[in-house]
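In what follows, a single structure is set out as structure tokens and then discussed.
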Amino acid sequence: MKKVLALLLAIGLMLGLSPALAEGKVFSFGGAMDDMDLIDVHKATSSGVLQGGIMVCEPLLALQPDGTLKPQLLAEMPTVSEDGKVFTCKLREDVYFHDGTQLTSKDVYFTLHRIFDPATANVNAWLCDMILGGQDMLDGKATELAGVTIQDDFNFTIELDYPYAPFNYILSCPQMLIYPQDACTAAGDTWGIDSFVGTGPFVFDTFVAKDSLHLVANENYYEGRPQIDEVYLYNLDRGTALMEFEAGSLDLVNMDPTYVKGYQEGEFAKNLVMSDLRGIIALNLNVAMPPLDNVKVREAVAHAVDQKAIVDSYLQGNGTAANSLITPSVAGYTDRPSFYNPEKAKALLAEAGYPDGIKLVNYVSETSSIAGIPVVLQEQLKASGIELEVNRVDSATYVSMRKEGSVQCPLLTWYADMPDPDNFTYTFFQSGNSKFFSSNWNDSLTDELLAKGRAMPAGEERTEVYKQIDQRLVAEEFVTVPLYNPVTYYLKSDKVEGIFFDGSMFHLDDAFFVE
Amino acid sequence: MAEQEVLMAVENLNKWFPVRKMGRARGYVKAVNDVSLQIRRGETLGIVGESGCGKTTLGRAMIRLTDVTDGRVIFDGQDISRLSEKELRPLRRDMQIIFQDPYSSLNPRMTVGDIISEPLVYQNMYSASERIDRVRELMDLCGLDPVYIRRYPHEFSGGQRQRIGIARAIAVNPKFVLCDEPVSALDVSIQSQVINLLMDLQSRTGIAYAFISHNLNVVYHVSRRIAVLYLGRVVELAERETFKNNRAHPYTRALFEAIPQVGFDEQQKKAPLSGDLPSPVDLPSGCVFHTRCPYTQPRCRTEVPDLREIDPGHYVACHLV
Amino acid sequence: MTDKQPLLKVRDLCTYFYTEEGIVYALDDVSFDVARGQTLGIVGESGSGKSVTALSIMRLVQSPPGRIVSGTVELLGEDILKKSRKEMKQIRGGKIGMIFQEPMTSLNPVYTVGNQIMESILLHSDCNRKQAKERAIEMLRLVGIPLPEKRFGEYPHQLSGGMRQRVMIAIALSCNPQLLICDEPTTALDVTIQAQILELINDLKQQTGASVIMITHDLGVISRVADEVMVMYAGKAMEYGAARDVFTQPRHPYTAALLKSIPNLEEDVERLHVIEGMVPSLSKRPQGCLFHPRCKQAMTVCQEKRPALTTAPDGRRVRCFLHSDAVEKEAAHG
Amino acid sequence: MSIKANANVQDAAYTSFYHDAFVRLKRDKIAIACLVFIVLLILVAIFAPLIAPYPEGFQDTSAILAGPSSKHWLGTDEFGRDILTRIIYGSRISLSVGLIAEAIAVTIGVFLGALAGYYGGKIDAVISRIIEIFASFPHILFAIVIMFVLGTGVINVFLAIGFVGWTGIARIIRAQVMQLKEKEFVEAARASGGSDLKIILRHLIPNCLSTIIVVVTMAIPSDIMYEASLSFLGLGVQPPVSSWGEMISMARKYLRTNPTYSVFPGIALVLTVLAFNLLGDALRDALDPKLKNL
Amino acid sequence: MLKFTLRRLYQTIIVLLGVTLVTFTMVNVVPGDPVAVMLQKKADDATINRIRDQMGLNDPLPAQYFRFLTNAVTGDFGNSYFQKKPVMELILRAFSVTGTLAVLVLAFAITLGVLMGTLAAVFRGKWVDRVIMMISTLGMAAPSFWLAIILQLIFGLTLKWLPISGLRQPSAYIMPSVALGMIYAASLARLTRTNILDAMNQDYIRTARSKGVGEFFVVAKHAFKNAGIPILTYLGTLIKSILGGSVLVETIFSINGLGKLLVEAIMKRDIPIIQGCTVYIAAVFVIANLLIDLTYGLFDPRIRVAGPAKR
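As given, the protein sequences belong to chains A, B, C, D and E, one line each in that order.
Take the position in the first sequence, starting the count at 1, then add 689; the result is the number in this note's numbering.
Take the position in the second sequence, starting the count at 1, then add 16; the result is the number in this note's numbering.
Take the position in the third sequence, starting the count at 1, then add 988; the result is the number in this note's numbering.
Take the position in the fourth sequence, starting the count at 1, then add 393; the result is the number in this note's numbering.
Take the position in the fifth sequence, starting the count at 1, then add 4; the result is the number in this note's numbering.
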């Protein structure tokens, strides 16, 4: 009996690997990353997985804290043709992958090709499907990516299907990290599990799926060795992660707004950092499912929601009430007052033929952080004679139901991939996409405006187009009822400084331990 | 034709229980081997023998509570050995059973009234109200105060519970009742009360009894004819008086001598029989008693003695008699 | 210690059980002697208190609810009711051996027969395991078990009822006790096996010189083995004397009735003699003599007063007003 | 008293046996305390709307995560709902989980157990294998699958828990029936022509009643705890319905700031489970013929 | 004894077959298509169908079941949809964690439970008995996840004696084992006490006392060994609840054990893992029960000689 115990204990220990409190400047980051099955950014969408990726690999351009872009792997910003469709890029020549091979255009081509290769089954391909030939590859019509042509080792051009002004932002997204061709093909299916090579500040050391990721500093990083020797990423239960932080064994923990109340006063208030998430939480109204096909009813729902009450009560001030689909820091935002007026809502319902109110059915994934919002709405809408049935289901069921467009009023949660209004509007309300987010909005005028906005270069005129779209969706057709712009919090130990949080990811390149 | 003289006839009855190992029968417990006997109407046949001699199995086979390996059981002129449970159901009315253990023969969760009326329910005799009167009449008959009709078995003494068992058995006016050690679990004074009750009932209603017991004194008192069993075989069958002074089979003689009689004539203090009962799975060859019989001859080891009528009504299965 | 003095002297022994339904007078004012090398038979129907007598002597009455209220039990002059728990452990199995009724359940099913015999030997005699094993095998041979070495390692369920009772006897006699108490030893056995066991007990009694208390409800067994007999009814001793006398000329009506109600081969009676009624409940006992409700010769005095156990000149004792008008002294606990 | 028709002789009879058991039970102080607590709990569950200070879903937006106060005796949760109200309504879920789930488990368990025990042979082998299969099945998967197939919602939680619990009862009943069918009163019933079905219903199951009662009272606590763990995994009841398990899992976030939010439902859960466990013990001694303490 | 083992093995195989069938049917009945979950954001039906073909999910169900069965026998449950690793590898890793935990929980529950139960039996009716029984009833009533949180708060956070989460040091095993084991220790204590008391009512105890055996030995030697069998049977049922049911404690302590692996696989419809895990847990449970049946012989010679009565 004793022998068996010892053997099992040894195995358990060996897999637990490195002790949390190693010497040297070690940075431990904990958070709820349940789907951290692997860190290949082509295979996952949630921030838990991308977080690990961006510390090892790097995109062509990088987003600055002030929201502007700077060249990262490129020598300088790409030059754009007049018709806005061709982007000419020049790579830096002093960049080497962790396995010693030099970064060249073939790596860029390999990465973009891998994005559209059906075998990869990339879940984020839609983000850059405006690259010429991308959709053909996805549909199996082509095996090579037409849009990307290599001039020489350090120069290449990317051609788009149609003019798309904010394409530079796309190149800075975490989903567009550049992979080394030879290392990635060699790893095959274990890419992002057993091996993961990039150009970034930290080198991949060991990864235990759903448990922990260990990175070590990249000695010859072209922007200088980071001041942190090792980084640990732990997937922890939300409550337990906070407890580990309080016990001092974690340096950084991201936190769900509902946990904030406990930390706003007291010992850890100084460690609490609030940050705007550049996102929108809204209640989509599925126009295909009666009674929401009647615009009067949709208007009534818009008047039954009190955004301010949601933020002040349930969110305890953590967030800003919103009545525009686009977030304040992004062009096209309209600062519109709330429509909240229960009496008017009742009147509108009566007008629409529902004197004694209506019943709406909402589904929400119970693991998502906004699972509480429908409960608040349930109570609020009662005042306007709207009965909201809330069903909490597991994420798989929720995703498949929403995909079929069969959820009557789903909650739209969107954290912008880039600070561009197209990301908030085209994705949900373009007639081709609207089914996936259960809004089923199919309106030629909206499609027209969206296409126009996409093609126009950034500027006053483009902003006006998106203002118009926002006005139509929110104030005229009431297809969606914006609720609030979410904020997020994280606890940062006072031993560490220089951490940059870009709204969904932490960047540790400039982080350092205060003596 | 006049009602037949013989009520129950058992002809070459065998009952073997397969011993199962891994699904296949490996051998048999030969509980009852080639038994033939008859019980006339209104008569009591005593069946006596030590534990493991097959008397209980024989009894159960007679009233078809277990099926028969081979041989025949003729009840009231009808061969009932191969009947299905359904076909047997109407016949159950005519044959009943009284058990040994007063504590496990009555359902603790039912009242006395329900217990006694249960056979009436199954055979749907009498209407609901008539049943109540019938039950009270039976209780009276068996020496129980009818006021206890709604009491529970655990509120009665051993003797009274046995009377309830008897009342249940005679509720359907059976022609034959199998008494399986009916008084063995009772104290002496209560024992005689129950025995007298059984004999009174027999004289009043003409029921035939098969009276099974390991207590020879009791069997001797109640029976007209007695069968002695050893390892599933009838070794001796005769009128009661024959056993008093003309016991023939060596086992019967040893059995009667072993009984501790009250009295002080210098009985032999030595135990008449030594050794233990052989296992019923592999029976001794020839005469089953030859392993313990003081008078064993070579012939006994090979040849199975059949039940011979050595004088009128006196049958013995032994080569030397 | 003169030879004449009895091995065991029990005087006014009372054992009551304190239950929710009231006090059960299981054993009420019982006195008897067991002479050296003699067998005392204790006979009575269920609930008469015969088993409680044995348990009280061995002080194995489960308390609560039972308690030995009063009386003395003198073994070789010393009252064992006063002994300490440690001393009692020496006596149990050492001075007094006991065997019980159910051979099937009286042996521990999960230990070998040999182990259970050795346990007693090792407790009461300072010898090592090897000697204890030899003694155990010797005992098995003594009680007539064939192939004792083989049986030593077997388990109880591998033996027949008769064999197991022989093992019980081996255990009880393994440390040469001076008194062997047998509580219904053969009730669960067949009559031929019973005869073997009774013969064995008698032989061993001769060999070891031990005295025996034989408790049973079977009058036949008593008449075969007992020298003296005590007839008990509802917790009290009704008659006491030499077995031959008590059985041939019973003085107490209960003893007489008992003897008459046993069917036997000699006289063919049409109807068995019956003792009407039932044994009285021990917690709600009748006034006067306990047997009077069922006694054919009950007189008015029997209904009011309770007769004392009086000793006749020939040494025989009986508790009945037919033989003396002595009244039981008002016992404190009455 | 006059002897009424046979039928009600039957009813009067049954109660009087259990009357004895109740008399024995009455002597055990703890058992009575538990019985009173459970009866109280049932009353609270039935009259929840009258007792609870606020309607079930009411959200007092002015008092979010407030501590115990005069307005909210036990404080409020993250939506401003009154915790005392939630506990009161929560008793409905916890009690009905226990009763309904056990009802299902008992019907299936007793039926299959009795069949296997009574007939033995092939039928017993088949049923025993089925019992083993479902017993070796991880409960969590079973409950989740049932919840998916039937959809979320309170009733389905009960069904899910009920379907999982029957194997235990089936085994116990099978063993008990196997013992009972050897008893002589069953042979007597067969000897007077009783059909198998009648024998099972009149003789075997009534004699298992005391075991069933004890097993059920012991199983209810584990069902309540099982519902709590399902809620903890987020698969429990749907808002605005409240259950103690869900409260404990939601309260976990605020353990440091409002311990009362998780402590009070926890106490309610532990007390209820305790009451059923102790009552189960007492019932076993009261109904068990071979009373241990004698 | 051998005959008995063969028969039990034969029954075990049937049960395992049954489990695979039930799991397979259940997994295919559950709504929610894993491929849709995999391609979460924007997946049109064409690509989903193509991937389903690739994975053979569109073949007729019996064919899928047969393929699953033949692979399962060799321990190959296919690859996890999300972790892209052979399921068996994931299961073994998770089992090494849960297995260790199970051993510790069993050790904790048996020593504490049986010890307390015996003590309560020996001092029946006295205050020791009442105290132990009260604690054990409380122990059975406290939900394990509540206990886990409280332990974490006290020993992890305030006292900092033990690590709060993960199994990185040996000391990290203590809290999860106690949290999980408490409820089993409590019920074992009650079970042991009842069984010892039952054994104390048997005739052979009276025989032992009449031999002069001291009260302690009467309980420790004679009563205890007879009380062993029901405890063994209970251990059998315990093993499954530890393997499958510890998901809550694993979630709180962030331990990637079997329970967590299974539940998360269910949430994401990772069918290979669901099937693999379920069959694995069932197999371990059934084999454990088989071993326990064989150990019956140690406790009860009647079984060792003849093999237990047909279960």
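Note that CB positions come from ideal geometry on N, CA and C, so glycine has one too.
Quick caveat, the model's predicted, so the values are computed rather than measured.
Please state whether the Cβ-Cβ distance between Leu1297 (chain C) and Ala1225 (chain C) is less than 8 angstroms.
yes
Can you name the residues of chain B whose CB is closer than 9 angstroms to the CB of Pro1136 (chain C)?
Per Cβ cutoff of 9 angstroms: no residues; Pro1136 (chain C) is ~15 angstroms from chain B at best.
In the DSSP assignment, the alpha helix (DSSP H) including Leu434 (chain D) goes from what residue to what residue?
422-439
Thr650 (chain D) by DSSP, collapsed to three states: which one?
coil
Classification of Asp616 (chain D) by the beta-carbon crowding that lies within 10 angstroms, buried from 16 upward:
buried
Going along the chain, which unbroken runs of the beta strand (DSSP E) with 3 or more residues stay wholly within the stretch 575-612 of chain D?
none
How would you call Arg179 (chain B), buried or exposed, if buried means at least 16 neighbouring beta carbons within 10 angstroms?
buried
Closer than 6 angstroms by C-beta to Pro708 (chain A): which residues in its own chain qualify, once you throw out the five before and the five after it? Chain order, please.
Confidence in Pro708 (chain A) is poor, its pLDDT being 43 and thus under 50, which makes the residue's placement too unreliable to answer from.
My output table needs one value for Ala47 (chain B): the three-state DSSP class, helix, strand or coil.
strand
Near Lys45 (chain E), which residues of its chain fall below 7 angstroms by C-beta distance, leaving aside the five closest residues on each side in sequence?
With a pLDDT of 48 at Lys45 (chain E), under the threshold of 50, the modelled position of that residue is not reliable, and the figure given next carries that caveat. Same-chain partners within the cutoff: there are none.
Could you have a look at Ala1014 (chain C) and say whether DSSP puts it in helix, strand or coil?
strand
Can you pull the chain D residues whose beta carbon is under 8 angstroms from the beta carbon of Val188 (chain B), in chain order?
Ser585
Inter-residue CB distance, Met725 (chain A) and Gly889 (chain A) (contact presumed, cutoff 8 angstroms):
Actually they do not touch by this definition, with Cβ atoms about 18 angstroms apart.
Roughly how many angstroms separate the alpha carbons of Glu27 (chain B) and Asp86 (chain B), rounded to a whole number?
9 angstroms
8 angstroms contact criterion, which Arg1273 (chain C) and Tyr1013 (chain C) should meet: CB distance rounded:
6 angstroms
Outcome for Ala870 (chain A) when other beta-carbon atoms lying within 10 angstroms are tallied against a minimum of 16:
Note on residue identity: the sequence assigns Gln, not Ala, to residue 870 (chain A). Buried, since its Cβ has 16 or more Cβ neighbours within 10 Å.
Are any of the Cβ atoms in chain D nearer than 8 angstroms to that of Lys1048 (chain A)?
no
Just mark Glu765 (chain A) as buried or exposed, buried being the case when its beta carbon has 16 or more other beta carbons within 10 Å.
exposed
Rounded to whole angstroms, how far is the Cβ of Glu134 (chain B) from the Cβ of Arg184 (chain B), which I believe are closer than 8 angstroms?
7 angstroms
Would Ala1120 (chain C) and Phe1140 (chain C) be called neighbours here (beta carbons separated by less than 8 angstroms)?
no
Using only alpha-carbon positions, find the residue among A:Gly822, A:Arg781, A:Ile804 that is nearest to Asp842 (chain A).
A:Arg781
Return no unless some Cβ of chain E is closer than 8 angstroms to the Cβ of Pro1097 (chain C).
yes
Length-filtered (3 minimum) beta strand (DSSP E) runs lying within the stretch 217-285 of chain B
224-229, 241-246, 249-255
Residues of chain C with CB under 8 angstroms from Asn230 (chain E), in chain order?
Asn1096, Pro1097, Val1098
Whether or not the stretch 229-249 of chain E and the stretch 196-203 of chain E are in contact is what I'm after, with contact meaning three or more pairs of Cβ atoms, one per stretch, closer than 8 angstroms; do they touch?
yes
In whole angstroms, give me the CA-to-CA distance for Asp1132 (chain A) and Tyr1115 (chain A).
12 angstroms
Quick one, are the C-beta atoms of Val607 (chain D) and Gly673 (chain D) less than 8 angstroms apart?
yes
Element boundaries [alpha helix (DSSP H), containing Cys316 (chain B)]:
314-318
Along the alpha helix (DSSP H) that carries Thr24 (chain E), what are the first and last residues, could you check?
6-33
8 angstroms Cβ cutoff, Glu471 (chain D) in contact with chain A:
yes
Compare the C-beta of His1261 (chain C) with all C-beta atoms of chain B and state if any pair is closer than 8 angstroms.
yes
Hey, Ser1002 (chain A) and Asn1012 (chain A) are a contact pair by Cβ (cut 8 angstroms); roughly how many whole angstroms apart?
Not quite, the Cβ-Cβ distance comes to about 18 angstroms (not below 8 angstroms), so this is no contact.
Buried or exposed for Phe718 (chain A), going by 16 or more other Cβ atoms inside 10 Å?
buried
Please state the DSSP three-state secondary structure of Met1086 (chain C).
strand
Tell me the residue span of the beta strand (DSSP E) that contains Ala1183 (chain C).
Note, Ala1183 (chain C): premise wrong, no beta strand (DSSP E); alpha helix (DSSP H) at 1179-1196.
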